[in-house]
Structure formats: structure tokens, C-alpha cells
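Order-wise, the sequence lines are chains L and W. Numbering-wise, the numbering used here comes out as the position in the first sequence, counting from 1, plus 156. Numbering-wise, the numbering used here comes out as the position in the second sequence, counting from 1, plus 26.
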Amino acid sequence: MSASTHAASPPPRKPRLVCPAGSLRALTLAIDAGADAVYMGLKDATNARNFAGLNFDLAQARDGIAYARSRGREVLMALNTFADARAPGRWFTAVDAAAGLGIDALICADTAVLAHARDHHPQLRLHLSVQASATTQEAIEFYRERYGIRRAVLPRVLTLSQVEQVCRHSTVEIEVFGFGSLCVMVEGRCALSSYATGQSPNTAGVCSPPSAVRWEDGAGGVSARLNGVLIDRYAPDEPRGYPTLCKGRFDVDGTRDYALEEPTSLNTLSLLPQLMDMGIAAIKIEGRQRSPAYVEQVTRVWRAAIDDCAAQPSRFAVQPEWTAALGRWAEGQQHTLGAYDRPWR
Amino acid sequence: MNTRIALTVGPVLYYWPRRTLLDFYAEVAESPADTVVLGEVVCSRRHEMKADDWLSLGRELAACGKEVVLASQALLESAADLRAMHRWADQPAFLVEAGDASALRALAGRPFVLGPHINVYSEPALREHAALGAIRWVAPVELGLDALALINPPAAPVAGGPGADTPIATEVFAFGRLPLAFSARCFTARHFHLNKDDCGFRCIEHPDGLLLDTTEGQPFLALNGIQTQSAAQHCLIADAPALRAAGVRRARLSPTAQHFGTVTALFDSVYNSGADALAAAAELDALSLPGGLVNGYAHRRPGLERMPA
């Protein structure tokens with residue numbers, strides 16, 4: 157950096173682009189498309205995307221890490237469910253395995269898991285998962301003081317000004333969600349799925365699990381049920397979405413509507429200059445359960461946008477082709493700024 | 027002789043007019059409840075009771091022989107929310123129930139209660155919180171009784187408190203609409219097409235929450251501002267032997283707008299005076315409380331199921 161640029165205020169730090177890898181294929185595509193880091197999970201209930209056919213066994217994890225390493229990128233491991241009372245040791249074994257693999261950081265939420273990592277692998281970098289529901293700088297500080305976390309992922313419920321507030325006071329790096337499915341409930345504090353199906357993100361690493369979904373063709377259209385509970389009913393010509401519990405249509409006081417959340421996706425591309433200005437350390441793309449093609453294309457768009465914004469923050473504009481590319485992958489083909497913008501506030 | 031299962035009146039989760047609240051607590055003062063949890067835990071915009079009002083109500087209930095606990099809000103978003111939490115943490119008179127990790131940090135080093143929204147799902151996690159000073163643990167609502175017995179084993183309970191010489195007492199959510207989720211968004215305001223900051227406090231019109239049915243008319247959830255609850259009343263009145271076997275020492279009854287005195291009396295008679303559980307359950311059924319009765323979670327089933335005890 158030249159001496160002259162030192163005189164001005166330092167340029168905003170370029171946030172690291174953290175992309176989802178549900179498979180080795182997704183991992184390599186994300187790296188090739190420009191991810192600074194990928195996050196992945198093991199093939200069990202120790203992570204919050206515990207779906208059949210998804211995630212890594214140890215051999216695949218080794219291959220993935222080697223691939224990322226050789227290109228100077230990072231691999232983070234999500235170990236972000238809560239250790240099951242019947243066999244908490246499985247979570248500790250997974251921490252040991254992650255440390256043995258030489259991952260760059262472990263993303264966790266459970267104090268039991270954090271304590272095990274702190275006590276047995278003090279060199280292992282810890283990130284606080286969104287599942288820990290830390291919405292204030294004091295909550296983040298709790299995890300830093302006790303467990304030495306180095307980064308916290310913020311829940312998707314905070315507004316931009318609240319994110320800024322947390323950033324300003326935080327003594328650790330802050331990561332926010334940039335794109336993907338939107339949880340309208342605070343992550344780590346939602347038991348809607350277990351109420352209907354017996355399995356939740358906290359207890360089983362799943363929400364509205366596919367095993368509980370049933371589609372029915374009837375005279376009134378197509379019904380989507382979750383363990384028998386009617387989540388939505390679609391007219392023959394209506395587009396159908398996956399019956400995530402909070403995104404169904406229900407009756408409240410005689411009005412049938414999306415009573416909790418519309419099936420839309422979070423997309424914060426347009427907020428990039430502000431996020432960079434706040435000093436956000438990393439932007440996370442949601443979607444380990446999505447296809448490798450999704451990961452590749454969403455990563456490509458975000459790589460270009462972050463590079464653009466870092467080069468010319470004051471002249472940053474969302475390119476129409478980016479919006480078009482992301483739109484193809486958005487839930488219900490609709491975008492929202494989510495709580496960051498909060499039109500409903 | 028069975029040990030007593032202490033009864034805790036949980037915080038009022040709804041927005042009730044001040045007069046209604048004070049009348050409610052006057053009745054609680056005369057009830058067999060051992061402990062009363064006070065404070066607004068759902069929405070900081072609700073203002074019928076100020077901090078000082080809660081504290082003076084707490085002193086009155088304490089004078090009536092009740093143990094008083096102040097609960098901190100579950101979802102903290104603003105600097106004002108943090109200040110409200112510290113107001114509880116800083117007062118010396120009453121035990122505080124932690125609603126989130128900010129409160130854990132503020133309360134560390136002295137005795138406190140782990141609220142139901144602190145994620146403790148295993149014995150090692152409970153030990154982590156015991157090391158902070160927790161003396162009582164209100165289990166997450168979605169845990170089965172089998173898990174409770176593993177997390178705080180009745181034969182060897184986790185030692186709690188700064189002195190670490192008394193065992194942590196397990197408290198279970200035993201009655202009421204289950205607090206299932208929190209959001210930054212207010213679903214009551216959304217239903218009325220109002221912005222959250224200009225919500226008109228419409229939740230005050232719904233003293234047991236706003237019922238959400240499926241398209242085919244099955245009562246499913248209840249909207250209570252930023253909180254989503256079960257439509258059904260979770261009810262463990264017939265599960266006392268299983269509770270005792272799991273080491274549960276306390277049962278939380280979550281306030282309802284109607285018949286709460288009857289509910290408290292029935293639980294006390296069944297849990298602590300040997301009254302017939304099935305007869306009491308039938309009596310509760312006959313009260314036609316909104317949503318009907320369920321107990322699936324206690325039996326490691328979907329929460330909306332009703333299992334034989």
C-alpha cells in the first residue's frame with residue numbers, strides 16, 4: 157500500500173466470502189468460483205443440515221481440505237447442533253475428528269461442544285454458530301470470554317443498524333448471512349418443527365424433515381402435509397414450494413395467508429457497501445442442502461460483487477445480471493432484504 | 027412419601043391490561059403455587075407494567091410467602107433491551123431467570139435460574155451452566171423426560187450454584203401453550219397489517235394469543251406478538267410418576283386468561299396430595315381451554331400428540 161493512501165481513512169476491509177458445501181462436488185465448485193472459505197458438515201446429526209445424501213465422510217473431508225488448501229482457501233466445519241443427552245460423546249468425537257483433519261475453524265453453538273474444543277484442542281479456531289442465537293455484543297462477549305470464540309455469525313433477525321451496533325462493540329469478527337433461505341424465527345430458538353414432527357434443528361439438525369412430508373393430490377388441488385398437518389394447499393396452476401412449516405398458508409381469524417413468512421429468499425447484495433463499511437468480516441451464503449450448480453453460480457455472483465465493491469465502494473451498483481442469476485435460485489423466485497431492511501418495522 | 031413437586035407460575039407470556047395482571051397475581055398469592063416468575067419476557071414494547079411495578083409486585087408476593095423470580099427477555103435486540111436485562115441482574119432482592127446469553131454473562135458468579143430458552147441439551151452443557159452459578163434449570167420444552175433424566179440424573183444431580191454444594195433442581199414446563207419460537211417480526215401486527223413500531227398493541231386484545239388454524243381447520247399454533255406458541259395446552263398432569271422418575275423437582279404452569287386458579291389447584295392436588303390424575307385431566311378437559319391438551323414432548327414424540335401417561 158502506498159504512503160498516500162495511508163493518509164485517508166483505511167479502505168473498508170474486504171469481507172471473506174463463506175460458501176456452503178454439502179458435497180465434495182459443491183466444495184470444489186465453490187472454491188473454483190471464488191469462495192474464500194467453504195463450510196461443511198459430517199454425515200451425522202452433529203450439524204444443522206443433517207439430510208440424506210448430504211455432507212462428508214472423513215475421506216471426502218480430507219480430499220476437500222486438500223483441494224481448498226492447495227488453492228489457499230479455508231475449510232470451516234459446522235458442528236452446530238446440540239449434543240444429544242443420550243450420546244454427547246459423538247459430538248466430542250466429531251470435534252476431535254475435525255481437529256485431526258486440520259480444518260481452519262469449527263462453527264459451533266453448544267456450550268458443551270465449545271468447552272470440549274477449548275479444553276482439548278486449544279489451538280482450534282472457534283466460530284460461534286448462528287444456532288447459538290447471540291443477538292447482542294454482550295452475548296457474543298459471553299462466548300468469547302468463556303470459550304475464546306474468534307468470530308460470531310449473527311442471527312438473521314437483526315436490522316442493519318442493529319448489526320452495525322453489534323459490529324461496533326464486538327471484540328470478535330462478525331459474519332452475516334448474505335444470501336439464501338430465510339429463517340424468520342431466531343435460529344437455535346425454534347421448536348416449531350419438533351412440535352409437528354418430533355425433529356427440530358436443535359435436536360436433530362433438521363427443520364420440517366423430508367421424511368415427514370407427504371404430498372396429496374385431491375379435488376381441491378395439491379396438499380403438502382408435515383406429519384399429517386396441512387402446511388399448504390396449492391391450486392393446480394400454483395407454483396409449489398417445499399412445505400417448510402413457517403412458510404405455509406394458515407387461517408388466522410378467517411384470513412388465509414402466509415401468517416408467518418412468505419416463501420422468499422434473503423438477498424443482501426445491495427447492502428454490500430454498508431456491510432463493508434461496518435467492517436463485517438465475512439458474508440455467508442446459505443444452502444448446504446442446495447445443488448452444486450446453485451453453489452457455483454451464487455458464489456460466482458457474490459465473488460464479483462465483493463470484488464467490485466472493494467475496488468470502488470462509492471460507485472458500487474448491483475448489476476442486473478447478478479440479480480437475474482441469483483433470482484433463478486431464490487425460493488419462490490423472490491428476494492427480500494429480510495430483517496436488514498425491515499419494511500414491516 | 028413422595029417429595030413435593032414445587033409449582034412455579036411462569037411469566038405471563040401475553041399482554042394483559044395492568045388491572046387484569048394485578049387481579050391475576052392477587053389470586054396467585056392465595057394459590058398453592060410456591061414460586062412466581064415475573065417480568066415481560068416476550069416484547070419490550072409492552073408497557074402496562076414498568077420495572078418498578080414488577081419489583082413492588084414482587085415484594086408483595088414475597089410478603090405472601092411466595093418465592094419471586096424475575097425473568098429477563100428471551101430475545102434482546104436493542105441497547106434498551108440490554109439495560110432492562112441489567113436492571114434485573116443488578117437488583118439484589120430476587121433471583122433472576124436468564125433468558126439469553128447476555129443475561130448469563132451478567133448473572134455469572136451468583137445463583138440464578140436457567141430459563142427454558144437457554145439451550146441445555148446434555149449433561150455436559152448443564153455442567154457448563156452450573157459452573158456459572160445456575161441453581162435451577164427450566165428444561166427446553168422440546169426435550170423428553172428421558173432426556174431430562176440423563177441431563178440432570180436423579181441419582182447424581184449436577185451440583186449447582188457458586189458454592190456447588192446443592193444439586194441443580196430440574197423444572198419442567200408442565201402446563202400451558204408452549205413457547206415454541208421467537209422472531210424479530212411481530213406476527214400479531216403482521217396479521218393486522220400494522221408495522222411493529224406502530225402496532226397499536228393489538229396483542230392486548232388476545233389474552234391467550236391469536237389462534238392459527240391449518241387450511242382444513244385444525245388448531246395448530248397461536249401468535250403472541252414475536253412469539254409463536256402451540257395452539258394446544260401442553261399438560262403433564264397425568265405424568266407425575268414419570269416426572270418424579272426423571273428427577274423433576276418443579277413444574278411450571280404457564281398463565282392462561284381463564285381458569286388458572288383451577289389449573290393450579292388441580293396440579294397441586296394430583297402432584298402433592300394424591301388426587302386421581304385421570305379425574306383431574308378430565309376436569310381440565312372439561313374447562314375447554316383453547317386448543318385442547320397435549321403432552322407429546324414429554325414422551326419424546328411430536329409436541330402436538332397426546333399420549334397416555
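Here a beta-carbon is modelled for each residue, glycine too, at the ideal position from N, C-alpha and C. The model shown is predicted, which means the values in this text are computed figures rather than measured ones.
- Message: Please report the distance separating the alpha-carbon of V451 (chain L) from that of L180 (chain L).
- Response: One C-alpha to the other measures close to 12 Å.
- Item | Listed by chain order, chain L residues near V167 (chain W) by CB distance under 8 Å | A347, listed in chain order.
- Measuring CB to CB, does L330 (chain W) end up less than 8 Å from A352 (chain L)? Going by beta carbons, L330 (chain W) and A352 (chain L) fall inside the 8 Å limit.
- Task: Keeping to the same chain, check which residues put their C-beta closer than 6 Å to that of E231 (chain W); ignore five residues upstream and five downstream.
- Result: Result list for E231 (chain W): empty, nothing under 6 Å.
- Query: Which residues bound the beta strand (DSSP E) around Q262 (chain L)?
  - Reply: Residue identity differs from the one stated: residue 262 (chain L) is Leu in this sequence, not Gln. Judged by DSSP secondary structure, L262 (chain L) falls within the beta strand (DSSP E) whose first and last residues are A261 to C264.
- Task: Look up R136 (chain W) in the DSSP assignment and say whether it is helix, strand or coil.
- Result: Coil, per DSSP.
- Task: Could you tell me how far apart the beta carbons of Y299 (chain L) and L284 (chain L) are, in whole angstroms, since I believe they sit closer than 8 Å?
- Result: Correct: roughly 5 Å between the Cβ atoms.
- Task: Have a look at A283 (chain W) and R44 (chain W) and give me their C-alpha separation to the nearest angstrom.
- Result: Spanning the two alpha carbons is a distance of roughly 13 Å.
- Which residues DSSP lists as bridging L196 (chain L), in chain order: Checking the sequence shown, residue 196 (chain L) turns out to be Met, not Leu. As computed with DSSP, M196 (chain L) is found in a beta bridge with L:M233.
- Item | Segment contact, 8 Å Cβ cut-off, at least three pairs: the stretch 128-143 of chain W with the stretch 309-316 of chain L | Contact between the stretch 128-143 of chain W and the stretch 309-316 of chain L is absent, because fewer than three Cβ pairs lie under 8 Å.
- Query: From T411 (chain L) to F246 (chain W), what distance separates their C-alpha atoms?
  - Reply: Note on geometry: alpha-carbon atoms of T411 (chain L) and F246 (chain W) lie some 15 Å from one another.
- Query: How about the stretch 389-396 of chain L and the stretch 447-464 of chain L: do they share at least three Cβ pairs that are nearer than 8 Å?
  - Reply: Not touching, per the Cβ criterion.
- Query: Do you know whose CA, among W:R211, W:F199 and W:P328, lies nearest L262 (chain W)'s CA?
  - Reply: Ranking the options by Cα distance to L262 (chain W), first place goes to W:F199.
- Task: Locate the beta strand (DSSP E) running through N423 (chain L), then write down its first and last residues.
- Result: Counting along the chain, N423 (chain L) sits inside the beta strand (DSSP E) bounded by residues S421 to N423.
- Task: Would you mind reading off the limits of the beta strand (DSSP E) that contains L33 (chain W)?
- Result: Start and end: A32 to V35.
- Item | Three-state class that DSSP yields for L428 (chain L) in the structure shown | In the three-state reduction of the DSSP assignment, L428 (chain L) falls in the helix class.
- Query: Fully enclosed by the stretch 251-293 of chain L, which beta strand (DSSP E) runs are 3 residues long or longer?
  - Reply: Runs found: 261-264 and 282-284.
- Message: Looking at D234 (chain W): is its Cβ nearer than 8 Å to the Cβ of Y51 (chain W)?
- Response: Not in contact: D234 (chain W) and Y51 (chain W) (Cβ atoms no closer than 8 Å).
- What whole-angstrom Cβ distance do Q99 (chain W) and A88 (chain W) have, given they're in contact under 8 Å? Actually they do not touch by this definition, with Cβ atoms about 22 Å apart.
- Have a look at E168 (chain W) and A324 (chain W) and give me their C-alpha separation to the nearest angstrom. Cα-Cα distance, rounded: 8 Å.
- Item | Reduced DSSP category for S350 (chain L) - H, G, I as helix; E, B as strand; rest coil | In this structure, S350 (chain L) counts as helix in the three-state DSSP scheme.
- Could you have a look at E331 (chain W) and say whether DSSP puts it in helix, strand or coil? In this structure, E331 (chain W) counts as coil in the three-state DSSP scheme.
- Determine the direct distance from the alpha carbon of L238 (chain W) to that of A375 (chain L), and round the result to whole angstroms. Straight-line Cα distance between these residues: approximately 24 Å.
- Rank W:R228, W:V38, W:R327 and W:L133 by C-alpha distance to the C-alpha of E66 (chain W) and give the top, closest one. When only C-alpha atoms are compared, the closest one is W:V38.
- Message: Cutting at 7 Å between CB atoms, please list the residues of its own chain near G287 (chain W), excluding the five before and the five after it.
- Response: For G287 (chain W), where only same-chain residues beyond five positions count, the Cβ hits under 7 Å are E53 and S57.
- Using a Cβ-Cβ cut-off of 6 Å (strictly less than) and excluding sequence neighbours within five positions of T254 (chain W), which residues of its own chain qualify? Correct list, in chain order: L206, A207 and L247.
- Item | Meets three-Cβ-pair contact criterion under 8 Å: the stretch 191-204 of chain L and the stretch 248-262 of chain L | Yes, the stretch 191-204 of chain L touches the stretch 248-262 of chain L.
- What residues from chain L crowd round Q345 (chain W), counting only those whose CB sits closer than 8 Å? The question about residue 345 (chain W) has no answer, for chain W in this structure spans 27 to 335.
- Query: So what does DSSP say about Y390 (chain L), is it helix, strand or coil?
  - Reply: Y390 (chain L): strand per DSSP, three-state reduction.
- CB S421 (chain L) to CB G336 (chain L), shorter than 8 Å? In this structure, S421 (chain L) sits near G336 (chain L), with a CB-CB distance shorter than 8 Å.
- Can you tell me whether L214 (chain L) is buried or exposed, with buried defined as 16 or more other CB within 10 angstroms of its CB? Burial call: exposed.
- Message: Classify N14 (chain W): buried if its beta carbon has 16 or more other beta carbons within 10 angstroms, exposed otherwise.
- Response: Outside the displayed range of chain W (27 to 335) lies residue 14 (chain W), so it cannot be described from this structure.
- Alpha carbon to alpha carbon, how far is S295 (chain W) from Q293 (chain L)? Computed Cα separation, rounded: 46 Å.
- Query: Taking DSSP as the reference, what is the three-state secondary structure of W485 (chain L)?
  - Reply: W485 (chain L) sits in coil when the DSSP states are folded into three classes, being neither helix nor strand.
- Length of the line joining the Cα atoms of G304 (chain L) and A191 (chain L): Rounded to the nearest angstrom, the gap between the Cα atoms of G304 (chain L) and A191 (chain L) is 26 Å.
- Closest by C-alpha distance to Y195 (chain L), when choosing among L:L232, L:I221, L:L416 and L:R389: When each option's Cα is compared against that of Y195 (chain L), the closest is L:L232.
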